[in-house]
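Trainee: Numbering-wise (my numbering), the sequence shown opens with residue 205 and increments by one. Ideal placement from N, C-alpha and C gives every residue a C-beta, glycine not left out. Next up is a structure, given as structure tokens.
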Amino acid sequence: MQRWFFLDDRKKQKIKSQEKMTTKTEAKPDAELASQPWLFTVIVPELATQEQVFITGNTPELGMWDHTRVVFLEQEQGTEKWSKSITIPNTCDVYYRYGICTVIEDKCNVVLVHRWETSLKPRILKHTMLHPITDVFGDIECNGVLKVTRGWLTAQTLLQFKFINNPLKLKSRMAGKNMYIKVTPVKLSFGGETEPHVEESSQSIDSVDSELPSGTSVEVATLDNDTALCTLHPQEQFGREYKPNDVLLINVTIPDMKALAYLIDLYSYSSRAAFDDPPCHIGYTYVLPNMFQPSEGSLELPVTCNVKHRPLGTIKIQYLIARPMNPNLCDLEVSYSKYWNPTRTGLEVGHRGLGASFKTKEGNAIRENTVASLKKAAASGADYLEFDVQLSKDMIPVIYHDYTVCISMKRKKEVDFSEMLELPVKDLTLEHLQKLKVYHLLESRNHEILFDDEDLEEHQPFPTLEILMSSINIHVGFNVELKWNMELHDGSFELNNPFDMNTYVDKVLEVVLKHAGRRRIVFSCFNPDICTLVRNKQNRYPVMFLTQGVTNKYQPYRDPRCASIEAAVQSAISSDILGIVVHTEDLLRDPTQVKLATDAGLVIFCWGDDNNDKKTIKKLKAMGLHAVIYDKLDEYTTKDVKESVFLVEARESERELMRLTALNESAINLSGSRSSLASSAALEQATAPPPFLDLAVRHKLQANRSTVTTLESLASSIEDFDRNLKRNRDIISRVDKESQVKEHTNSFKGLFSFGDCKDSSKKSRNN
Numbered sequence: 205m206q207r208w209f210f211l212d213d214r215k216k217q218k219i220k221s222q223e224k225m226t227t228k229t230e231a232k233p234d235a236e237l238a239s240q241p242w243l244f245t246v247i248v249p250e251l252a253t254q255e256q257v258f259i260t261g262n263t264p265e266l267g268m269w270d271h272t273r274v275v276f277l278e279q280e281q282g283t284e285k286w287s288k289s290i291t292i293p294n295t296c297d298v299y300y301r302y303g304i305c306t307v308i309e310d311k312c313n314v315v316l317v318h319r320w321e322t323s324l325k326p327r328i329l330k331h332t333m334l335h336p337i338t339d340v341f342g343d344i345e346c347n348g349v350l351k352v353t354r355g356w357l358t359a360q361t362l363l364q365f366k367f368i369n370n371p372l373k374l375k376s377r378m379a380g381k382n383m384y385i386k387v388t389p390v391k392l393s394f395g396g397e398t399e400p401h402v403e404e405s406s407q408s409i410d411s412v413d414s415e416l417p418s419g420t421s422v423e424v425a426t427l428d429n430d431t432a433l434c435t436l437h438p439q440e441q442f443g444r445e446y447k448p449n450d451v452l453l454i455n456v457t458i459p460d461m462k463a464l465a466y467l468i469d470l471y472s473y474s475s476r477a478a479f480d481d482p483p484c485h486i487g488y489t490y491v492l493p494n495m496f497q498p499s500e501g502s503l504e505l506p507v508t509c510n511v512k513h514r515p516l517g518t519i520k521i522q523y524l525i526a527r528p529m530n531p532n533l534c535d536l537e538v539s540y541s542k543y544w545n546p547t548r549t550g551l552e553v554g555h556r557g558l559g560a561s562f563k564t565k566e567g568n569a570i571r572e573n574t575v576a577s578l579k580k581a582a583a584s585g586a587d588y589l590e591f592d593v594q595l596s597k598d599m600i601p602v603i604y605h606d607y608t609v610c611i612s613m614k615r616k617k618e619v620d621f622s623e624m625l626e627l628p629v630k631d632l633t634l635e636h637l638q639k640l641k642v643y644h645l646l647e648s649r650n651h652e653i654l655f656d657d658e659d660l661e662e663h664q665p666f667p668t669l670e671i672l673m674s675s676i677n678i679h680v681g682f683n684v685e686l687k688w689n690m691e692l693h694d695g696s697f698e699l700n701n702p703f704d705m706n707t708y709v710d711k712v713l714e715v716v717l718k719h720a721g722r723r724r725i726v727f728s729c730f731n732p733d734i735c736t737l738v739r740n741k742q743n744r745y746p747v748m749f750l751t752q753g754v755t756n757k758y759q760p761y762r763d764p765r766c767a768s769i770e771a772a773v774q775s776a777i778s779s780d781i782l783g784i785v786v787h788t789e790d791l792l793r794d795p796t797q798v799k800l801a802t803d804a805g806l807v808i809f810c811w812g813d814d815n816n817d818k819k820t821i822k823k824l825k826a827m828g829l830h831a832v833i834y835d836k837l838d839e840y841t842t843k844d845v846k847e848s849v850f851l852v853e854a855r856e857s858e859r860e861l862m863r864l865t866a867l868n869e870s871a872i873n874l875s876g877s878r879s880s881l882a883s884s885a886a887l888e889q890a891t892a893p894p895p896f897l898d899l900a901v902r903h904k905l906q907a908n909r910s911t912v913t914t915l916e917s918l919a920s921s922i923e924d925f926d927r928n929l930k931r932n933r934d935i936i937s938r939v940d941k942e943s944q945v946k947e948h949t950n951s952f953k954g955l956f957s958f959g960d961c962k963d964s965s966k967k968s969r970n971n
């Protein structure tokens, strides 16, 4: 039967014996080659001392994207090339990526991923490729643009030192001097081990660096208008300069928290120092591992003079500890953490579903943050649904906005508002939250019940995050806001005694990573430390920093990173996250702040009561915002077709797939009807004497072949489905005639080897 060359054939290719110019040839059995060794080579410049290059992919030999099963490459001596021969299958395409890591041999060769290629489409090794090539790390599309992203916490721990709100309180003679702060991990000595000697001179203070265990690194970022300073870079010899009101972040990545202490050194330049003189070592302090709380805290420590070893003042250090998830649910197959389609602007996000229902007496008719509210917003055309996630007492992520609720000890129909009891959500189990008659704070204060919907299951408060994943259409994205208490400017907290920060984030991430599937997910939070944890604990979903900025509507937070849109941009860059979600009040005050985010390569959303107006929504979209979060999406939406943009894209892709499938089926039917004619023609050609080789005919056939190969691209441009099929049948009939001419020339193939120039792209690795 004639084979149509433009159809996708996945059959195994066979090794054919080379034909010789003899009158008789012996028939040799065909041999199949299912796999073969393949040399992978990549150029990786500027590696650190202990870093190694690895490869991962979609085959068992390449580790199936599992970071614990990656294949390490070997460096060619004196070059930046890394290579290794790996057995791969010949019967299918192979997908793969490169990465850079450190291996901890003391912990059974644990892999710590530092950087890896994160282009949405991985590298592909087609089964038709014949010769290995040399890749360049990060340059997957071969256009010089590197697509490399930082790794995540696989087995290591991230310890972040935060120097904010002018932490140094030194003697008066040091006042007015800019200090350089440096953090150096130091091994603790136990038993017969010898502690490394540290000289007192500032030039030799780095002698302890050589004693660091494998996998330990120190990176520094300063929140500044200079993007280079905001981006994390390896710590320099004398640390980073700290000026008044700066925010200095020092990230220490370590395999074992308990094995290290931390030396904090202070340096300053003398007023008489020459241009090339190093700074003077002023003082130091030590931080021991037993001083840390589980996830976050603050330390106020004495600073000892470097010369006289007397107290010089104090330093206040805030810290954050990010631990890896257990179990680690991430792999190296794909990452969206820094990806945003540039064509997607002006997306519409349903705030708490269909909108806040307790802010005013004119609140939404459907209770906020319920399955019913979210479904209604999705049906109204929301691209994303924004909702708030907290933990119940039994550690189950639930959807609710406020930190506290009110309950009554009487029957549901006999409510005495004087006996309302206010309780934190975290102090009630999921069963309590879902079965008790729960009132909102506004209902308690106004002595008015706003919702009487106990008989409607989807209208009940506190749906679980897991239930939400299966209740809403998969093509509607989720903006998951992580509710975490914040310290206000007056020193009070929104909520006392919350869960451990790592525990809270792990519980939410576990549900999302297990049940989100193909759904678009964006995490957001007002707490910049939560953003740091979510970014470093997983590598799949993007994170956005929520900020209220300059506002008269809300009490300001104490953390300077939350004080303005400018500070939020700098914080997002230092945390290596996707973007920011700004308060519209601050944005309308100064619209030029949108450019601050977009110029830094960040995605920008907006939120606020000002968004609940059609004119404002259109204005915000015109300003170039990527998404607008607002209430009553069913009333204020500006869409003509009330569908998610992701649903529209999915439907178009499905239609395109149906068109191509119909095209292939019609081609197969036509080829089947001519199979008998093709067999007869083949028999005649086999018995007929070979004609003289006409090179003009061969050139004409090659030209025809290049024209017909555009059939698939032609199908995608035809809008009418029925007319498309009819046109394809006509084209296929013409192709059939040309193919018969092609088959007629097959009888003299091999007789003149110099003229039989086969297209190498049609060969396979096993030929």
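Given a threshold of 16 other Cβ atoms within 10 Å of its Cβ, counted over all protein chains shown, does Met-862 qualify as buried or as exposed?
Mentor: Residue 862 sits at position 658 when you count from the first residue of the sequence shown. It is exposed - the Cβ of Met-862 has fewer than 16 other Cβ atoms within 10 Å.
Trainee: From what residue to what residue does the alpha helix (DSSP H) around Thr-788 run?
Mentor: As a working mapping, residue 788 is identified with position 584 in the sequence shown. Here the alpha helix (DSSP H) through Thr-788 covers 788-793.
Trainee: For Gln-256, write down the residues that DSSP places opposite it in a beta bridge.
Mentor: Taking the first residue of the sequence shown as 1, we reach residue 256 at position 52. Gln-256 pairs with Cys-305.
Trainee: Which same chain residues end up closer than 8 angstroms to Gly-783 when comparing Cβ atoms and leaving out the 5 residues on each side of it in sequence?
Mentor: Walking along the sequence shown from the start, residue 783 turns up at place 579. Closer than 8 angstroms at Cβ, skipping near neighbours: Trp-544, Pro-746, Met-748, Phe-749, Ala-776, Ala-801, Leu-806, Val-807, Ile-808, Phe-809, His-830.
Trainee: Where does Asp-995 fall in DSSP's three states?
Mentor: Here the chain covers residues 205 to 971 and nothing more, so residue 995 does not appear.
Trainee: Determine which residues share a DSSP beta bridge with Pro-321 and list them.
Mentor: Counting from one through the sequence shown, the residue named residue 321 turns up at place 117. Residue identity differs from the one stated: residue 321 is Glu in this sequence, not Pro. According to DSSP, Glu-321 bridges with Val-352.
Trainee: Who are the near neighbours of Phe-258 in its chain, counting only those whose CB is closer than 8 angstroms to its CB and skipping five residues on each side?
Mentor: Translated into positions along the sequence shown, residue 258 becomes position 54. Excluding residues within five positions, the ones whose Cβ falls inside 8 angstroms are Val-274, Val-275, Phe-276, Leu-277, Tyr-302, Gly-303, Ile-304, Cys-305, Val-315.
Trainee: Going by DSSP, name the residue or residues bridged to Tyr-523.
Mentor: Counting from one through the sequence shown, the residue named residue 523 turns up at place 319. Answer is Phe-365, Gly-501.
Trainee: In angstroms with no decimal places, state the Cα-to-Cα distance between Val-832 and Ile-603.
Mentor: Walking along the sequence shown from the start, residue 832 turns up at place 628. Walking along the sequence shown from the start, residue 603 turns up at place 399. Roughly 21 angstroms separates the two Cα atoms.
Trainee: How many angstroms separate the CA atom of Pro-628 from the CA atom of Ile-600?
Mentor: Position 424 of the sequence shown, counting from 1, holds the residue named residue 628. Position 396 of the sequence shown, counting from 1, holds the residue named residue 600. Rounded to the nearest angstrom, the two C-alpha atoms are 15 angstroms apart.
Trainee: According to DSSP, simplified to helix, strand and coil, what is Glu-594?
Mentor: The residue given as residue 594 occupies position 390 in the sequence shown. The sequence given here places Gln at residue 594; Glu does not occur at that position. Of the three classes helix, strand and coil, the one that applies to Gln-594 here is strand, per DSSP.
Trainee: Leaving aside the five residues before and after Glu-847 along the sequence, list all residues of the same chain whose C-beta is less than 7 angstroms from its C-beta, in chain order.
Mentor: Locating residue 847 in the sequence shown gives position 643, counting from the first residue. Same-chain partners within the cutoff: Gly-585.
Trainee: Opposite Leu-372 in the DSSP bridges: which residues?
Mentor: Against the sequence shown, residue 372 aligns to sequence position 168. The partner list for Leu-372 (beta bridge, DSSP) reads Ile-519.
Trainee: Could you have a look at Phe-562 and say whether DSSP puts it in helix, strand or coil?
Mentor: In the sequence shown, the residue the question calls residue 562 occupies position 358. Three-state DSSP puts Phe-562 in coil, outside helix and strand.
Trainee: Strictly by DSSP, which residues pair up with Lys-291?
Mentor: Position 87 of the sequence shown, counting from 1, holds the residue named residue 291. For the record, residue 291 in the displayed sequence is Thr; it is not Lys. Looking at the DSSP assignment, Thr-291 forms a beta bridge with Pro-241.
Trainee: Could you give the distance in angstroms between the alpha-carbon of Lys-641 and the alpha-carbon of Ser-577?
Mentor: The sequence position of residue 641 within the sequence shown is 437, counting from 1. The sequence position of residue 577 within the sequence shown is 373, counting from 1. Each residue's Cα considered, the two are about 19 angstroms apart.
Trainee: Within 10 angstroms of the Cβ of Asp-694, are there 16 or more other Cβ atoms? Answer buried if so, exposed if not.
Mentor: Sequence index remark: in the sequence shown, residue 694 carries index 490 (1-based). With fewer than 16 Cβ atoms within 10 Å of its Cβ, Asp-694 is classed as exposed.
Trainee: Could you give the distance in angstroms between the alpha-carbon of His-636 and the alpha-carbon of Lys-597?
Mentor: On the sequence shown, residue 636 is found 432 positions in, with the first residue counted as 1. On the sequence shown, residue 597 is found 393 positions in, with the first residue counted as 1. In a straight line, the C-alpha of His-636 is about 9 angstroms away from that of Lys-597.
Trainee: For Asn-449 and Asn-677, what's the separation of their Cα atoms in angstroms?
Mentor: Numbered from 1 along the sequence shown, position 245 holds the residue referred to as residue 449. Numbered from 1 along the sequence shown, position 473 holds the residue referred to as residue 677. Going by the C-alpha atoms only, they are around 47 angstroms apart.
Trainee: Can you name, in chain order, every residue of its own chain whose Cβ lies under 6 angstroms from the Cβ of Asp-710, other than the five neighbours on each side?
Mentor: Within the sequence shown, the letter at position 506 stands for residue 710. Around Asp-710: Met-529.
Trainee: How would you label Val-349, buried or exposed, when you count the other beta carbons within 10 angstroms and need 16 or more for buried?
Mentor: Working through the sequence shown from its first residue, we reach residue 349 at position 145. So Val-349 counts as exposed.
Trainee: Any contact between the segment 493-503 and the segment 470-484? By contact I mean 3 or more CB pairs, one from each, below 8 angstroms.
Mentor: Verdict: no, contact absent.
Trainee: Can you tell me which residues form a DSSP beta bridge with Thr-388?
Mentor: Residue numbering aside, residue 388 sits at position 184 when the sequence shown is read from its first letter. Paired residue(s): Leu-467.
Trainee: To the nearest angstrom, how far is it from the Cα of Gly-1005 to the Cα of Thr-322?
Mentor: Because the chain spans 205 through 971 in this model, residue 1005 falls outside it and cannot be assessed.
Trainee: Can you give me the start and stop residues for the alpha helix (DSSP H) that Cys-434 sits inside?
Mentor: Residue mapping note: residue 434 aligns to position 230 of the sequence shown, counting from 1. Where Cys-434 is concerned, the enclosing alpha helix (DSSP H) stretches over 431-434.
Trainee: On the three-state DSSP scale, how would you describe Tyr-708?
Mentor: As a working mapping, residue 708 is identified with position 504 in the sequence shown. The answer is helix: DSSP assigns Tyr-708 an H, G or I state.
Trainee: Could you tell me whether the Cβ atoms of Trp-811 and His-555 are closer together than 8 angstroms?
Mentor: Residue mapping note: residue 811 aligns to position 607 of the sequence shown, counting from 1. Residue mapping note: residue 555 aligns to position 351 of the sequence shown, counting from 1. It is a contact, given that the beta carbons lie within the stated cut-off.
Trainee: Could you tell me the alpha carbon to alpha carbon distance between Phe-367 and Tyr-490, rounded to whole angstroms?
Mentor: For the purposes of this step, residue 367 is taken as residue 163 along the sequence shown, with counting starting at 1. For the purposes of this step, residue 490 is taken as residue 286 along the sequence shown, with counting starting at 1. Approximately 15 angstroms between the Cα atoms of the pair.
Trainee: For Asp-838, which of helix, strand or coil comes out of DSSP?
Mentor: As a first step, residue 838 is located in the sequence shown; it is residue number 634 there, counting from the start. Three-state DSSP puts Asp-838 in a helix.
Trainee: To which residues does DSSP link Gly-554 through a beta bridge?
Mentor: Looking up residue 554 in the sequence shown gives position 350. According to DSSP, which records beta bridges pairwise, Gly-554 is partnered with Leu-589, Tyr-834.
Trainee: Give me the Cβ distance between Ala-202 and Leu-436, rounded to the nearest whole Å; I'm assuming they're in contact under 8 angstroms.
Mentor: Nothing can be reported for residue 202: it is not among the residues displayed for the chain, which extend from 205 to 971.
Trainee: If contacts are defined as beta-carbon pairs under 8 angstroms, then Ser-768 and Thr-736 qualify, I think. What distance do you get, rounded to the angstrom?
Mentor: For the purposes of this step, residue 768 is taken as the residue at position 564 of the sequence shown. For the purposes of this step, residue 736 is taken as the residue at position 532 of the sequence shown. Rounded, the Cβ-Cβ distance is 19 angstroms, inconsistent with contact.
Trainee: Could you spell out the range, first to last residue, of the alpha helix (DSSP H) harbouring Arg-739?
Mentor: What you label residue 739 is simply residue 535 of the sequence shown in a count that begins at 1. Arg-739 -> alpha helix (DSSP H) spans 732-741.
Trainee: Would you kindly work out how many angstroms separate the C-alpha atoms of Asn-573 and Pro-293, rounded to a whole number?
Mentor: Taking the sequence shown and counting its residues from 1, the one referred to as residue 573 is at position 369. Taking the sequence shown and counting its residues from 1, the one referred to as residue 293 is at position 89. Near 49 angstroms, if we compare the C-alpha coordinates of Pro-293 and Asn-573.
Trainee: Check Ile-781 in the structure and name its three-state DSSP category.
Mentor: Residue mapping note: residue 781 aligns to position 577 of the sequence shown, counting from 1. Three-state DSSP puts Ile-781 in coil, outside helix and strand.
Trainee: To the nearest angstrom, report how far apart Ser-675 and Leu-237 are at their CA atoms.
Mentor: In the sequence shown, residue 675 corresponds to position 471, counting from 1. In the sequence shown, residue 237 corresponds to position 33, counting from 1. If you take the alpha carbons of Ser-675 and Leu-237, they lie about 48 angstroms apart.
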